[in-house]
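Notes to accompany the following structure.
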Amino acid sequence: MADIMVGAGFQGTDEATAALKVRGYWQTVGYRLRYDYVTLFFTGMIVLIALGSIFAPLLAPFDPLKTSMAYRLKPIGFRQFLLGTDELGRDMLSRLIWGGRMSLLMGLTPVALATVLGGTLGVVAGFVGGRLNMLIMRTMDVFYAFPSVLLAVAVSGTMGGGMSNGLIALTLVFIPPLCRIAETATAQVRNLDFVEAARASGAGTGSIIRHHILGNVLAPVLIYASSLISVSILLAAGLSFLGLGVEPPTPDWGLMLSTLRQAIYVEPYVCALPGVAIFITSLSFNLVSDGLRQAMDVRV
Amino acid sequence: MGLELPITGAGASTSTPVRPLVEVKNLTVKFVNREATVQAVNGVSLEMAPGEVLCIIGESGSGKSVTMRALIRLLPKGRAAISGHMRVGDYDILSLSEREITEVRGSTISMIFQEPMTALDPVYTIGDQIAETVVRHEGCSQKVGMARALELLQVVKVPSAERRLTAYPHELSGGLRQRAMIALALSCRPSLLLADEPTTALDATVQIQVLILLRKLQKELGMGVIFVTHDLGVAAQIADKVAVMYAGRIVEYGSVRDVLLRPSHPYTIGMLASTVLGQTRDADIEAIPGSPPDLRRLPPGCSFAPRCRYADNECRSVVPAATAVAPGRLVRCFKAGSPPPGLLPGP
């Protein structure tokens, strides 16, 4: 519905239309999002998770690292442990709240880095074309040849575990797809008439890239990048699960899932909790990304 | 092939010789790639007085658009080999540096494109796009640029211009988009406007409106317009002078009345005979037999000779020079001046 109102289809009195149309790009996007309740709800979820992670020291009822032999693997709602305890008797709720920090960090940082690096490479390859395009894109194809999980495992496996190596591994995994998206979009835009029209009205190469290429390439790249956040969270969890990401005892959802899996017959619900957290977070990012894709598409 | 074009201000009747705004001498453009060399433009020479509208007519592949793009150096750098001499105003186009040509583009020479849909950037508002050019060439603030954009939209008769200033291209109709494109092209008061079939993509009714607008703005601003089209009706509407192109050469040049009413070149005659308008209902439309020559292998003589029913051996071996059959009237044909009887519509 919002689309119809914003798009060319709206017919009304001059004043009414004027009031509707005097609106910038981001205002239009905001206007569309206002009626997209699913996206709004899951944006709220992300905000909650983010706030929980930021204020983890204040929110967590217990020290996430404090072990207790007496309270090992207690069920959900056992005394003061709202979500039970893990195999070393640490409070699950506290660990989940603290673990959100790690998950968001591992979800956002590699994607942000890869967007900048891969996007730049892609725009350069697409705009310059020719040999440079060959060089960049064929290099990317080499990385493409590996399944992403395998590549991440291989890279962090060779460099050794640890958080920073995990971040580097994930960044490397995301550069090729983002580069390809940017390259495809740039190559399409580069041959359109408005780039030639801009040149005909005196724009230099720099200003064409800044205005006309980036303006048209940024939206698809950002939308794709936002859909990668959930992938990144999952991959990071996978790396931790395999012992290649975050090292214990740091609270991390993937790592928690890995260590708790031995207790799955003892306390199945508690064991599933980190998985639920990963699921909700990546679902939220996915759905928000979908909503953004729809809202940001100016061309009707 | 250096031909002198005597300027006889056809409509304006100014007897003092004016320095032509555009002077093109022996322009050739070749597209070179590994397989073949495409000779798109083969020795075009023309002159155009300030404030004149020159229509370049020709079918697809006759080199009309390439000629125009060469004037603003918009051809792909690596692949197009341009030679000859081009002067627009005080600029020697081919000797300008890359930096200088970007300054000329949009200020002295600007251009309107055929497809108003794709020639405007979909992610910026109309106002932003016009202001961008104004800011670039005049170094003013964005605010001044937007004020100028509004003024320009009013000049090109866009209804409720304030609202359209903040509209995106997809929110406008084709006609309005083309008007916005014209506003963009006029933003820095060019002395030469290049129009590449600007009305081809529009409805017939909108086409006339845009043509009338262009003609009016051209008179008011006193700019020269080079208008490329394959539509003879459009040419008749807007042109002062007409140049007919065939296989990269101007085969006939003269005032619009002369060329369209008393064509001398067999190609022009054939083209006029093959238009739908002004024909009797039952009569078959006379099409020109054959097809245009392959630009990779041009015939040695007159490039129209293979399709021309009056061609003889001379035509097939020597390229005819442009000869003045009357003041301000040039034809590249050995037979010109003695057009075969019975073919011409009565004068």
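Heads up: the sequence lines are chains A and B, in that order. Each residue of the first sequence is one higher than the last, beginning at 1 in my numbering. Each residue of the second sequence is one higher than the last, beginning at 301 in my numbering. Glycine included, each C-beta is placed from N, C-alpha and C at the ideal position. In this text, all values refer to a predicted model and were calculated from it rather than measured experimentally.
Per-residue DSSP class, three states only, for residue i
i       : result
N342(B) : strand
K377(B) : coil
A636(B) : coil
V288(A) : helix
I512(B) : helix
A154(A) : helix
M163(A) : helix
N133(A) : helix
H385(B) : strand
V625(B) : strand
T115(A) : helix
C271(A) : helix
V631(B) : strand
L242(A) : coil
S148(A) : helix
F604(B) : coil
E196(A) : helix
L648(B) : Here chain B has residues from 301 to 647 only, and residue 648(B) is not among them.
R190(A) : helix
F143(A) : helix
I264(A) : coil
A611(B) : coil
V324(A) : What the structure shows of chain A is the stretch from 1 to 300, and residue 324(A) is not part of that stretch, so it cannot be assessed.
S397(B) : coil
I280(A) : helix
A237(A) : helix
L472(B) : coil
8 Å Cβ cutoff, residue i in contact with chain B
i       : result
D3(A)   : The predicted model places D3(A) with a pLDDT of 40, which falls under 50 and marks its position as unreliable; any figure quoted below should be read in that light. Output row for D3(A): interface = no.
N133(A) : no
K21(A)  : Since pLDDT at K21(A) reaches only 47, below the 50 mark, its modelled position is unreliable, and no value is offered.
R199(A) : yes
A125(A) : no
G196(A) : What sits at residue 196(A) in the sequence shown is Glu, not Gly. Judged by the 8 Å Cβ criterion, E196(A) is in contact with chain B.
D91(A)  : no
D215(A) : Here the sequence assigns Gly to residue 215(A), which means Asp is not the residue at that position. Closer than 8 Å: yes.
L222(A) : no
R293(A) : no
D193(A) : yes
D290(A) : no
V206(A) : Note on identity: in this sequence residue 206(A) is Gly, with Val being the wrong assignment. G206(A) does not count as touching chain B.
A225(A) : no
A187(A) : no
G202(A) : yes
Minimum Cβ-Cβ distance from residue i to chain A less than 8 Å
i       : result
M411(B) : yes
D421(B) : yes
S365(B) : no
I372(B) : yes
T433(B) : yes
L514(B) : no
H565(B) : no
L484(B) : yes
S360(B) : no
T402(B) : yes
Residue i - partner residues in DSSP beta bridges
i       : result
H212(A) : DSSP, once it has assigned bridges, lists no residue as partnering H212(A).
F174(A) : According to DSSP, which records beta bridges pairwise, F174(A) is partnered with nothing at all.
T337(B) : V332(B)
D392(B) : R387(B)
E347(B) : E323(B)
I357(B) : T529(B), V544(B)
Do three or more CB pairs link the region 239–251 of chain A to the region 89–103 of chain A at distances below 8 Å? yes
In the region 402–445 of chain B, which residue ranges form an unbroken alpha helix (DSSP H) of at least 4 residues, counting only runs that do not cross its ends? 426–438
Ignoring anything shorter than 4 residues or poking outside the region 476–557 of chain B, list the alpha helix (DSSP H) runs there in chain order. 504–521, 532–538
Counting Cβ pairs, one atom from each stretch, are 3 or more of them under 8 Å apart for the region 443–456 of chain B and the region 394–403 of chain B? no
At what residue ranges does the region 49–115 of chain A contain a whole run of the alpha helix (DSSP H), taking only runs of 4 or more? 56–59
Does the region 514–524 of chain B come close enough to the region 539–557 of chain B to have 3 or more Cβ pairs within less than 8 Å? no
State whether the region 185–204 of chain A contacts the region 213–222 of chain A, with contact taken as three or more CB pairs (one from each stretch) at a distance under 8 Å. yes
Are the region 338–358 of chain B and the region 550–564 of chain B in contact at 8 Å, needing three or more beta carbon pairs? yes
Three CB pairs or more closer than 8 Å across the region 26–40 of chain A and the region 278–291 of chain A: yes
The region 330–344 of chain B in contact with the region 357–372 of chain B per 3-pair CB rule at 8 Å: yes
Can at least three beta-carbon pairs, one atom from the region 380–391 of chain B and one from the region 586–602 of chain B, be found at a separation below 8 Å? no
Pair every Cβ in the region 397–417 of chain B with every Cβ in the region 197–206 of chain A, then say whether three or more of these pairs are closer than 8 Å. yes
Examine the Cβ distances between the region 423–443 of chain B and the region 468–480 of chain B and report whether three or more of them are shorter than 8 Å. yes
Can you find at least 3 beta carbon pairs, one from the region 77–92 of chain A and one from the region 143–150 of chain A, that sit closer than 8 Å? no
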